[in-house]
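Take a look at the structure below.
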Amino acid sequence: MGIIFPTIENIQRLKVQPTPGESYLIDYLTDSLDDSYEIFFNPYLDGDRPDIIILHEHCAAFIIEVKDWDLNNYRVSKENRWSVTANGAKAKIASPQSQLFRYKKNLYDLHLPVVGLRRLTNPNFFNLVHCFAFLFGSNQPDIEKLYQPAEVAQKDEQNELNEARQQNRIDHENYERQMSIIERRKRALQRDKAMAFGTDRLNVLTKKIRQSSEHPLFDEDVYQDFKRRLSPPEHTLKQGITLNLDSKQTALSKSKSVMEKVKGVAGCGKTTILAQRAIDATNRHADTVLILTFNITLKNYIRDKISDLQGNRNFRNFEISNYHQFYISQINNSGQDIVSLIEKHGLEGLFSKDLFADKDTPKYKTILLDEIQDYQTDWVKIVRNNFVADDGEMVLFGDESQNIYHRVEERASVVAQGFGRWAKLSRSYRTNIDSPLNQLFKDFQIEFLAEKYTDAEIFETKPTQIAMGFSLLKYDHVHPSDWRQQVFESIEGYIRSYDLHPNDIVILGSRVPMLIKLSDMWTDKEKAHCMFETYEELLSCMVSKSDALKNSGADVMKKIRASNIWEITSDDLRTLNERELTELINLVKDNIEHVRRARKNHFYANTGLLKFSTIHSFKGLESKTVFYILGKDDDPEVVYTSITRSTENLIIFDVSKENSCSAFFHKHIV
Numbered sequence: 010m011g012i013i014f015p016t017i018e019n020i021q022r023l024k025v026q027p028t029p030g031e032s033y034l035i036d037y038l039t040d041s042l043d044d045s046y047e048i049f050f051n052p053y054l055d056g057d058r059p060d061i062i063i064l065h066e067h068c069a070a071f072i073i074e075v076k077d078w079d080l081n082n083y084r085v086s087k088e089n090r091w092s093v094t095a096n097g098a099k100a101k102i103a104s105p106q107s108q109l110f111r112y113k114k115n116l117y118d119l120h121l122p123v124v125g126l127r128r129l130t131n132p133n134f135f136n137l138v139h140c141f142a143f144l145f146g147s148n149q150p151d152i153e154k155l156y157q158p159a160e161v162a163q164k165d166e167q168n169e170l171n172e173a174r175q176q177n178r179i180d181h182e183n184y185e186r187q188m189s190i191i192e193r194r195k196r197a198l199q200r201d202k203a204m205a206f207g208t209d210r211l212n213v214l215t216k217k218i219r220q221s222s223e224h225p226l227f228d229e230d231v232y233q234d235f236k237r238r239l240s241p242p243e244h245t246l247k248q249g250i251t252l253n254l255d256s257k258q259t260a261l262s263k264s265k266s267v268m269e270k271v272k273g274v275a276g277c278g279k280t281t282i283l284a285q286r287a288i289d290a291t292n293r294h295a296d297t298v299l300i301l302t303f304n305i306t307l308k309n310y311i312r313d314k315i316s317d318l319q320g321n322r323n324f325r326n327f328e329i330s331n332y333h334q335f336y337i338s339q340i341n342n343s344g345q346d347i348v349s350l351i352e353k354h355g356l357e358g359l360f361s362k363d364l365f366a367d368k369d370t371p372k373y374k375t376i377l378l379d380e381i382q383d384y385q386t387d388w389v390k391i392v393r394n395n396f397v398a399d400d401g402e403m404v405l406f407g408d409e410s411q412n413i414y415h416r417v418e419e420r421a422s423v424v425a426q427g428f429g430r431w432a433k434l435s436r437s438y439r440t441n442i443d444s445p446l447n448q449l450f451k452d453f454q455i456e457f458l459a460e461k462y463t464d465a466e467i468f469e470t471k472p473t474q475i476a477m478g479f480s481l482l483k484y485d486h487v488h489p490s491d492w493r494q495q496v497f498e499s500i501e502g503y504i505r506s507y508d509l510h511p512n513d514i515v516i517l518g519s520r521v522p523m524l525i526k527l528s529d530m531w532t533d534k535e536k537a538h539c540m541f542e543t544y545e546e547l548l549s550c551m552v553s554k555s556d557a558l559k560n561s562g563a564d565v566m567k568k569i570r571a572s573n574i575w576e577i578t579s580d581d582l583r584t585l586n587e588r589e590l591t592e593l594i595n596l597v598k599d600n601i602e603h604v605r606r607a608r609k610n611h612f613y614a615n616t617g618l619l620k621f622s623t624i625h626s627f628k629g630l631e632s633k634t635v636f637y638i639l640g641k642d643d644d645p646e647v648v649y650t651s652i653t654r655s656t657e658n659l660i661i662f663d664v665s666k667e668n669s670c671s672a673f674f675h676k677h678i679v
């Protein structure tokens, strides 16, 4: 028999019981598959809730979406869009197949570090997951009837186009373009139809699963990656960390049914308070806690903080996501058609639209929002109005001085309306109160940020001589002509001289083209973790857009073609300067953003490796040693966010000496 997680007994005790179709499929799968198949019912994936995932070690994974639908109420268009007729009204909905594709995509992009990162350079990893839709209560004739009108409409459309071409009513170029669209739609329709199984063909579905053979890419690391995420280990660590919170922090870490907001300086313990409050909330109401960030990389950092505090790796009571991923997941879970919504509102505008008012959304008794200074006003309203339980708590955490996205300052009070007065924290525990870093941060705030953010908290410090601290605090001006080689050699020298551990080091800069060459120099010698693309990944992004790039008039492409290196390698990309790299990255921006999201989603702070990151990706995180490359155009908010990532050692490499903050560092760091 197949092994089911959780057990049948546990499933029967769930608050939300499985539908008749889900129960039927669970029984069928456990009886039809042997114990080499692991069946996960409604696995918990930070907002994504696929019905069933089946894992076959060293072979494949299968996602099954179950629908207890009367297909007589549903229609499929020639564009492969679904709609439902209810109470006389027709509404567009997401097809079961589109929901499956979203779950599959998120497995790679969000949930599985090993396969997610390997897929960036080897697309074949995407073939390890197979998708099926089970339409309970329907049989194959019902499915044929559902798709027949769309198939007929596609055939008619093709015939009309052929007739128009024969009568010279359309030129060859437009004919080929429109025929390509029709053929693509036909393939998509046939693909989705082949993925759908009625009750009468469950034996065919299980046969397909059993026929999966060993796959060379599905090695032990990949299997453990799936197993770890689908079934988080319940083992208990020796003990959780001991918290030494002051009285204000202790009060704010207690969960209660209120609307609150907390702000404070960098390092004041906001993340620790958030994590402890989340744990306290689960103890208070035994329900799921939703934690939303803005910065994707903070998700795993918060997860690690919770793990440290509670003393185990059980995250079943915590749903941790960033706002945009949570929003898309809820659109998918509610069955709305994401394609038509993007067409209507645009991708950026979509996230500010409240599309959940009439939907059956999950209600959380506790919601915690981090980095509130980066949120749009509408985002907070959408979360509060649709996802907080009637007696729930919702707490906002933020720091206005880290406003690196330059949201309008006047809107800060609007974002946080209805959450009472700010609870303020001015004591930073990231560094010792008498550390020269604290004094540096305070002086920087006063000189550059205090007038702009009049209500922001200022660092609490004790008098100290900045040169007498134990921190490694340096400001180096580097000649811009060959700054990477100079910075590379300096970092190596500091690591040797001060015996710095790679796990405790991050190298920060404001732009990827600034960092990519430096990181490449480093990874040529030893492994490092980068939160942006490598040259090999950039090349992979170019290959997938080769047709568009061949005809591009961009200077960088002219250079590549002029050099007769259209069949380029990653070494050819290494010859590009920063301006050319910027131009090339912009040409394949969509693909590059996919790579960066995957790297951010799969970032963990304690891998033992030195880290390279943009400042925007590292916001909210911390490191014992920060090497910061100060660029000419870095504004004070970016500079402040960068330097306050350090808990002990801070080395600033000024590669221009023309930044508005250069004179400050020259004066304050001796």
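Residues in the sequence shown are numbered from 10 upward in steps of one, following this note's numbering. Glycine is no exception: its CB is placed at the ideal position from the N, C-alpha and C atoms.
* To do: Pick helix, strand or coil for serine 671, following the three-state DSSP scheme.
  => helix
Starting from tyrosine 484, follow its DSSP beta bridges and name the residues at the other end. Ile661
Closest Cα partner of glutamine 220 within the set His65, Gly427, Arg194, Phe145
His65
Q) At a cut of 8 Å, does the region 127–140 reach the region 370–385 through at least three beta carbon pairs? A) no
Q. When the Cα atoms are used, what is the spatial distance from tyrosine 232 to arginine 238?
A. 10 Å
For the region 303–373, which segments carrying the beta strand (DSSP E) assignment without a break, of at least 3 residues, lie completely within its bounds, in sequence order?
-> 327–331
Assumed close pair leucine 144, leucine 198 - CB separation to whole angstroms, cut-off 8 Å
Actually they do not touch by this definition, with Cβ atoms about 16 Å apart.
Review point. What do you get for threonine 306, buried or exposed, if any count of 16 or more other CB atoms within 10 angstroms of its CB means buried?
Key: Of the other Cβ atoms in all chains shown, 16 or more fall within 10 Å of the Cβ of threonine 306; this residue is therefore buried.
Margin query: Quick check on arginine 84: does DSSP put it in helix, strand or coil?
Written below: strand
- [ ] Let me know the secondary structure DSSP gives leucine 639 once reduced to three states.
- [x] strand
Glycine 56: buried (16+ other C-beta within 10 angstroms of its C-beta) or exposed?
buried
message: Helix, strand or coil for glycine 125? Go by DSSP, reduced to three states.
response: helix
Checklist entry - In angstroms, rounded to a whole number, what distance separates the CA positions of isoleucine 577 and arginine 127? => result Taking C-alpha positions only, isoleucine 577 is separated from arginine 127 by approximately 21 Å.
- Message: Can you tell me whether valine 75 is helix, strand or coil according to DSSP?
- Response: strand
Subject >> Beta-carbon proximity check, threonine 370 vs glutamine 339, cutoff 8 Å >> reply: yes
Handout entry: methionine 188 - containing alpha helix (DSSP H), residue span
Key = From DSSP, the alpha helix (DSSP H) with methionine 188 extends over 181–204.
| Tell me which same chain residues have a C-beta within less than 6 Å of the C-beta of glutamate 243, skipping the five on either side of it? | Because the pLDDT at glutamate 243 is just 37, under 50, the model does not fix this residue reliably, and the value given afterwards should be weighed accordingly. Result list for glutamate 243: Asn323, in chain order.
Q | Beta bridge counterpart(s) of glycine 407 as assigned by DSSP | A | Lys272
_Does lysine 400 pass the burial test, meaning 16 or more other C-beta atoms within 10 Å, or should it be called exposed?_
In the sequence as displayed, the identity of residue 400 is aspartate instead of lysine. So aspartate 400 ends up on the exposed side.
- Task: Have a look at Lys641, Tyr184, Leu659 and flag the residue whose alpha-carbon is nearest the alpha-carbon of asparagine 668.
- Result: Taking only the C-alpha atoms, the option nearest asparagine 668 is Lys641.
Next item on the list: Compute the Euclidean distance between the alpha carbons of glutamate 185 and lysine 559, then round it to the nearest angstrom.
Entry: Distance between the alpha carbons of glutamate 185 and lysine 559 is about 20 Å.
Taking 8 Å as the threshold, find out whether the region 81–100 comes into contact with the region 498–517 through three or more Cβ pairs. no
Practice item. Given a cut-off of 8 Å, decide if threonine 656 and serine 622 are closer than it, judged by their beta-carbon atoms. Key: When the beta-carbon positions are compared, serine 622 and threonine 656 stay at least 8 Å from each other.
#### Entry: Per-residue burial, glycine 355 [other beta carbons within 10 Å of its own, 16 or more giving buried]
exposed
Q) Just how far apart, CA to CA, sit aspartate 408 and asparagine 658? A) 22 Å
Exercise. Comparing the C-beta of alanine 197 with each C-beta of chain C, is any distance below 8 Å?
Worked result: As a matter of chain content, chain C is missing from the structure shown, which is built from one protein chain.
For leucine 246 and glycine 320, I'd like the C-alpha separation in whole angstroms. Low local confidence applies: a pLDDT of 34 at leucine 246 is under 50, so the model's placement there is unreliable, and no value is given.
Between the alpha carbons of glutamine 163 and leucine 283, how many angstroms are there, rounded? 54 Å
Q | Inside the region 566–636 only - alpha helix (DSSP H) runs reaching at least 4 residues | A | 579–582, 587–596, 598–610, 624–627
Review point. Within this structure, are the beta carbons of methionine 204 and glutamine 106 separated by less than 8 Å?
Key: yes
Return the first residue and the last residue of the beta strand (DSSP E) that alanine 95 is part of. 91–95
So, at 7 Å on beta carbons, what are the nonlocal neighbours of valine 123 in its own chain, with the 5 sequence-adjacent residues on each side left out?
Asp230, Val231, Asp234
Quick check: the region 390–397 against the region 364–378, are at least 3 beta-carbon pairs closer than 8 Å? Judged by Cβ distances under 8 Å, the region 364–378 makes contact with the region 390–397, as three or more pairs qualify.
(Q) Mapping the DSSP letters down to three states, classify histidine 294 as helix, strand or coil. (A) helix
Query raised in the report: Does the separation of the CB atoms of threonine 291 and asparagine 326 fall below 8 Å?
Result: It is a contact, given that the beta carbons lie within the stated cut-off.
- Backbone CA spacing between serine 422 and proline 225 [nearest angstrom]: Low local confidence applies: a pLDDT of 49 at serine 422 is under 50, so the model's placement there is unreliable, with the coordinate-based value given in what follows. Roughly 55 Å separates the two Cα atoms.
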